[in-house]
Every structure is written in C-alpha cells, then in structure tokens.
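Taking it in order: structure first as structure tokens, then the write-up.
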Amino acid sequence: MYTEYKELPKNSRVWVYQSDREFTAEEIEYITAKALVFIENWTRHEDDLKGSFTIKYNQFLVLAVDENFNNVSGCSIDASVRFIQELENELKLDLMDKMNVSFKDGDNINIVKLPEFQNFAKAQKITAETVVFNNMVNTKEDFEAKWEVPANQSWHARFLV
Numbered sequence: 033m034y035t036e037y038k039e040l041p042k043n044s045r046v047w048v049y050q051s052d053r054e055f056t057a058e059e060i061e062y063i064t065a066k067a068l069v070f071i072e073n074w075t076r077h078e079d080d081l082k083g084s085f086t087i088k089y090n091q092f093l094v095l096a097v098d099e100n101f102n103n104v105s106g107c108s109i110d111a112s113v114r115f116i117q118e119l120e121n122e123l124k125l126d127l128m129d130k131m132n133v134s135f136k137d138g139d140n141i142n143i144v145k146l147p148e149f150q151n152f153a154k155a156q157k158i159t160a161e162t163v164v165f166n167n168m169v170n171t172k173e174d175f176e177a178k179w180e181v182p183a184n185q186s187w188h189a190r191f192l193v
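First residue of the sequence shown? That's 33 in the numbering used here, and the numbers climb one at a time after it.
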C-alpha cells in the first residue's frame, strides 16, 4: 500500500537506484505512475507492504518500505528488482550498475565508472570535501543524513589520496 514518503518512519528500509543519466520530465511522470501502481500492489507473502518512493535530482529513484508495518522478504525484494528492470528496459536506462559512482561538481552531478573515480581521486580532482552520493545507505534516516556527504565520510574515502 502506498503512503507518502515523508510519512514513513526514519527506520524505514530504502534502496537507492542511480540512473546513468538524468530523467526527462516525461520519464519522471512515467516512473511516478509506474511506481505508484507497483507500490500499491507490493506484498510480502500476500500481506501488504507500506511503501513509498522519491525521485532526487531527476536521477535517483529511491524505494522505501516501513518494516514496522510488515518486513520485506526475498520475494518482495525480487519483485522490486523486477520492477526496476522493467523501468530500465522501457526507458532505456541503467539503474542497477553498482560500478557507477556519482559525485557533485558544483551544482552538476557527475556519474563515472569506479576506475575513473579512482583516477580522479589519485589526480586529486576528487578530494575529501567532494560531495558524493552514498547509495549504500539502508534506512530513510541514513538516506536523509548520510546519502549526500563529503567523500571522507563515505565508503569513497578509501580512494582518496
């Protein structure tokens, strides 16, 4: 069952899907419509899940579930992955490549492959203060506080000179 993202508790589980490119306005409308239908019908062994989504910077799709209401299961996670794969196929974008790393350069969001990110760090084009997106966060609270952080406060720090 769908609920507003802002209404979910802080300990809700989240999954961050980063697109390899910015969504168009039409794609955002399409993703929104599809996500509403998916979440409205998202279940765990036939029990409703209380979920939501948000889109950030026209490039990140975040799914969220209130596990105080019902825990997700392997099958419900598989269903969400199939939903993401459908979006990828229908919109010709990549949302699940974990080798893509994103960071800010001023107001611009850059997405590069991990080896390129490592090279930027070695060349000090990426520093401890460079804002990165930690898509490994697991809760709504961490998403809101630790998703968009300086590189030295994320797993990205291991690549800094």
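Even for Gly, the Cβ is constructed at its ideal location relative to N, Cα and C.
It should be emphasised that the depicted structure is a prediction, and the values quoted were computed from it without experimental measurement.
DSSP places W187 within a helical segment (H, G or I) once states are collapsed to three. D52 is the residue among D79, V104 and D52 whose C-alpha sits nearest the C-alpha of N90.
The continuous beta strand (DSSP E) containing F85 extends over residues G83 to K88. Collapsing the DSSP output to three states places K145 in a strand.
Taking 8 Å as the cut-off, the beta carbon of V181 is found no closer than this to the beta carbon of Q156. Shown here, E180 sits in a strand according to DSSP, grouped into three states. It is roughly 28 Å from the alpha-carbon of L68 to the alpha-carbon of N142. In this structure, L95 is the residue among I87, L95 and E54 with its C-alpha nearest to the C-alpha of F70. Annotation: V193 is outside any beta strand (DSSP E) and is labelled neither H nor E by DSSP.
Contact between Q50 and F115 does not hold, since their C-beta atoms are separated by about 16 Å, which reaches or exceeds 8 Å. In this chain, the alpha helix (DSSP H) harbouring Y62 covers A57 to E72.
Residue state for A96 is assigned as strand, using DSSP reduced to three classes. In this structure, the straight-line span from the alpha carbon of G106 to that of K42 is close to 22 Å. For K136, DSSP records a beta bridge to I141.
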